[in-house]
Amino acid sequence: MKRARLIYNPTSGREEMKKRLADILERLDQGGIETSVHATTGEGDATREAAEAVERGYDMIIAAGGDGTLYEVVNGIAGKKNLPPLGLFPLGTTNDFARGLGIPKNWEEYCDLIIQQETRPIDVGKANDRYFINIAGGGTLTELTYDVPSKLKTLIGQLAYYLKGIEKMVRLSPQELIIKANGQETLHDEFMLFLIANTNSVGGFELLAPDARIDDGLFDVIALKNCSLPEFVRVVSMALRGEHLRDKKVIHFQTDYMEVTSPGEVLLNLDGELGGSLPGTFEMLKQHIQIFAKADLK
Numbered sequence: 001m002k003r004a005r006l007i008y009n010p011t012s013g014r015e016e017m018k019k020r021l022a023d024i025l026e027r028l029d030q031g032g033i034e035t036s037v038h039a040t041t042g043e044g045d046a047t048r049e050a051a052e053a054v055e056r057g058y059d060m061i062i063a064a065g066g067d068g069t070l071y072e073v074v075n076g077i078a079g080k081k082n083l084p085p086l087g088l089f090p091l092g093t094t095n096d097f098a099r100g101l102g103i104p105k106n107w108e109e110y111c112d113l114i115i116q117q118e119t120r121p122i123d124v125g126k127a128n129d130r131y132f133i134n135i136a137g138g139g140t141l142t143e144l145t146y147d148v149p150s151k152l153k154t155l156i157g158q159l160a161y162y163l164k165g166i167e168k169m170v171r172l173s174p175q176e177l178i179i180k181a182n183g184q185e186t187l188h189d190e191f192m193l194f195l196i197a198n199t200n201s202v203g204g205f206e207l208l209a210p211d212a213r214i215d216d217g218l219f220d221v222i223a224l225k226n227c228s229l230p231e232f233v234r235v236v237s238m239a240l241r242g243e244h245l246r247d248k249k250v251i252h253f254q255t256d257y258m259e260v261t262s263p264g265e266v267l268l269n270l271d272g273e274l275g276g277s278l279p280g281t282f283e284m285l286k287q288h289i290q291i292f293a294k295a296d297l298k
């Protein structure tokens, strides 16, 4: 019988895991997977628990929660040798990574995927001394995800981001950035934000990085130049249709390594969590982790 360590956030998704935990454990057990459970208690707890699970030789590690829980678990296992495969029950507000990878929200269907041991390799990004699996970025608007209180996200879900976004839009300001990337000319300009995407699903936008692939060893970089509020609204409306990459205010390229600096303070957003500040070095770890997901999906 295989051993799994399930690490879950008890507050994610209107506390959905609490309701389904017994059923999930029973289904996995019937499929030959003995699963022990850890409920996270605070910031950094999932990272510590995931690292310990690797050291204890579990056959697989399963995260249950939102993008923040996944971020912590990835930071507990990435960079280590002999990594076990990773599972994910998506229970958060946006679930960007799970949506981008086509991971089912139906818990029974996903349990069966784990039982069948169907996996595929995925890239992992490294930002300075931290790791991210879906998105890294900087700029005023990227602060949105960690500005929204967790209790508000639990209560009203995606609406919490929209409310906070409206508040931030009235005080948009550019920041001076210097971007150096493999195969690209150095960019030195004022930008509203920059995003380093690992999948096509970012911030609830399904087409923000339409060319991104989770296993190609490349980041998709999108940077928005200094623009007025009407120009910003135009670009956002184009992004909803996947047409923004041809706008003159948008810079897009692919790379496996880049450096970003700024004369001012620019905070980093890693998978929706505060990830320090610039300067930042971003490196792609190609196909670093195996994850339970359909192998034939992008």
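Under UniProt numbering, the residue at position 113 of the sequence shown is numbered 113, and the numbers go up by one with no gaps.
Just so it is clear, CB atoms sit at the ideal spot from N, CA and C, and this is done for glycine as well.
Exercise. Have a look at R3 and L25 and give me their C-alpha separation to the nearest angstrom.
Key: Distance between the alpha carbons of R3 and L25 is about 12 Å.
Practice problem: Assign Y71 to one of three DSSP states: helix, strand, or coil. | Solution: Residue state, collapsed to three classes: helix.
Quiz item: Mapping DSSP to helix, strand and coil, what is V250?
Solution: In the three-state reduction of the DSSP assignment, V250 falls in the strand class, which pools E and B.
Quiz prompt | Between the CA atoms of S12 and Q290 - distance to the nearest angstrom | solution = Roughly 24 Å between the two C-alpha positions.
Exercise. Out of I214, L195 and G242, point me to the one whose CA is closest to L267's CA.
Key: When only C-alpha atoms are compared, the closest one is L195.
Quiz item: How many angstroms separate the CA atom of G272 from the CA atom of G32?
Solution: Those two C-alpha atoms are separated by around 34 Å.
Quiz item: Per DSSP, K126 forms a beta bridge with which residues?
Solution: Note: K126 sits in a beta bridge opposite Y131 and E283.
Quiz item: Could you check where the beta strand (DSSP E) with I7 kicks off and where it finishes?
Solution: Unbroken beta strand (DSSP E) run through I7: K2 to Y8.
Quiz item: Secondary structure at Q184, three-state DSSP: helix, strand or coil?
Solution: It is coil, neither helix nor strand.
Practice problem: In angstroms with no decimal places, state the Cα-to-Cα distance between E118 and C111. | Solution: Each residue's alpha carbon lies about 11 Å from the other.
Quiz item: Who are the Cβ neighbours of R48 in its own chain at under 6 Å, not counting the five residues just before and after it?
Solution: Once the five neighbours on either side are set aside, R48 has no close Cβ partner at all.
Quiz prompt | Same chain, Cβ closer than 6 Å to N226, five either side skipped, listed in chain order | solution = Here the set comprises P174 and E190.
Exercise. Please state whether DSSP places L86 in a helix, a strand or coil.
Key: Note: L86 maps to strand in three-state DSSP.
Practice problem: Within the stretch 187-269, note down every full beta strand (DSSP E) run reaching 3 residues or more, in order along the chain. | Solution: Within the stretch 187-269, the complete beta strand (DSSP E) runs of at least 3 residues are 187-197, 219-225, 250-255 and 257-261.
Self-check item: Distance between V54 and E185 (C-alpha atoms, nearest Å)
Solution: For E185 and V54, the distance between alpha carbons rounds to 40 Å.
Exercise. Would you kindly check if the distance between the Cβ of L86 and the Cβ of I61 is under 8 Å?
Key: A distance below 8 Å separates the beta carbons of I61 and L86.
Exercise. Measure the beta-carbon distance from N269 to G275 and round it to whole angstroms, keeping in mind my assumption that it falls under 8 Å.
Key: Indeed they touch by this definition, with Cβ atoms about 6 Å apart.
Quiz item: Given that a residue counts as buried once 16 or more other Cβ atoms are within 10 Å of its Cβ, and exposed if not, what is residue 301?
Solution: Residue 301 lies beyond the range of the chain shown here (1 to 298); nothing can be said about it.
Exercise. Please classify T11: does DSSP put it in a helix, a strand, or coil?
Key: Three-state result, T11: coil.
Quiz item: Do you know how far the Cα of R234 is from the Cα of Y131?
Solution: Each residue's CA atom was taken as its position, placing Y131 and R234 some 32 Å apart.
Exercise. Could you please give the first and the last residue of the uninterrupted alpha helix (DSSP H) stretch that includes L274?
Key: Run containing L274: none in the alpha helix (DSSP H); it sits in the beta strand (DSSP E), E273 to S277.
Quiz item: How big is the Cα-Cα spacing for Y146 and G66?
Solution: Because Y146 carries a pLDDT of 46, less than 50, the predicted location of this residue cannot be relied on, and the following value inherits that uncertainty. Roughly 13 Å between the two C-alpha positions.
Quiz item: DSSP state of T41, grouped into three classes?
Solution: Coil at T41, not helix or strand.
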